[in-house]
Amino acid sequence: MKNLAVLVVLIFTSISLNAQSLEGLWNTGKENTVVKIEKVNNTYDGTIYASDNFNAKIGNILVKDLVKSGDSYKGKIYVIDRGEWYNAEFKPKNEQLVITVYSGFGKKVIEWDKAGDLPEILPEIKMSDVNTFSEEEIKEAEENLDLDVVAEIFGESSDLEDFERRLNDPANKISNLDLNKDDEVDYLKVVEKEEGDKRTVYVQAAVNDNTNKTVASIVVIKDSNNEVNVEVIGDEAFYGKNYVVIPAYRRVPSIVTWFWGPRYTGWISPYRIGYYPPYFRPRTVVVRPRPVVEHTTVIRTSPRPIRKRTIIIRN
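Residues -19 to -1, 1 to 296 in mature numbering (1 follows the signal peptide of the UniProt record, and there is no 0) are what the sequence shown lists, from first letter to last.
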């Protein structure tokens, strides 16, 4: 009887060790993509929690409709590279999630590891930060300088000098910023920093002769496949933490081609308060109309580390 009791304990311990939880963060091993799986009603879904892949949008569903089947789970997985859903079997085992993907060409086995420290999307954005700004504060920032419009103007520009001109052209009425409280819209300077295959473009408001405040930055990165990713990031002081707009341009913008083309030259705006380009005329603050975009989505993960919006721009 004693031996039987020991055997029962051993069997129960073995079952407990093997019955690992499906819920949690899983590292796919590709481009720092981390998937968060959690129970939704009677099934499990997995959303993208972090990724360096431009096509892998934060908050998008990557696995869905997972239901228990023996010691594994059956459901569907979205293969980003192919843009299609496939039937799959998911089996948690020894801090790994073994996934068998079934397609018309047979089956493929992939393995995800339990995620430890979360990766960064970009150096400017850390997953642990939370946007503490209220909806009213964010709305006010958007009305003063709408980053949707900044992203659109950026995609229409031929180079950084042209981008600065478009930002400040009185006919465009892009900005309502008045940081020095003189009742006139501030001139926006464009300053660039080059780091290998990364370009960071800072949009700064000229407050006085010696002070320029960064209100937004545009990060342009070319990856190993020569794909270019663009993110427009609102400065924390004006938009709260991790306010990001990801423009999805229908065509590669000329300014992106210019960055890595033979005619590229760095740009640091020479203008300041009292010394403006001929096209700029100081004006009083006005109400600017909202941008026209084809699709706008506010994506929030739980526990909501990033406020992120993806827009499709008709350029």
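Note that CB positions come from ideal geometry on N, CA and C, so glycine has one too.
Classification of D216 by the beta-carbon crowding that lies within 10 angstroms, buried from 16 upward: buried
Start and end residues, alpha helix (DSSP H) containing A187: Segment 179 to 189 is the beta strand (DSSP E) holding A187; no alpha helix (DSSP H) there.
contact_flag[the stretch 213 to 230, the stretch 190 to 199] where n(CB pairs < 8 Å) is 3 or more: yes
G136 (DSSP reduced to helix, strand or coil): DSSP, reduced to helix, strand and coil, places G136 within a helical segment of the structure shown.
7 Å Cβ shell around T81 - same chain, five flanking residues per side excluded: A69, E70, K88, V90
Among V266, G5, G27, I29, nearest to N149 - alpha-carbon criterion: V266
K128 vs V213 beta-carbon contact at 8 Å: For clarity, residue 128 is Leu in the given sequence; the question names Lys instead. Yes.
Reference K203; option with closest CA among D190, L43, V79, W241: W241
Residues of its chain near K72, where Cβ-Cβ distance is below 6 Å and the 5 sequence neighbours each way are ignored: S53, V79
Secondary structure of A96, DSSP reduced to three states: Taken through DSSP and simplified to helix, strand or coil, A96 comes out as coil.
Beta bridge counterpart(s) of K174 as assigned by DSSP: DSSP links K174 through a beta bridge to T181.
Bridge-paired residues (DSSP) for W66: Y59
Whether Y59 touches L43 by CB criterion (8 Å): yes
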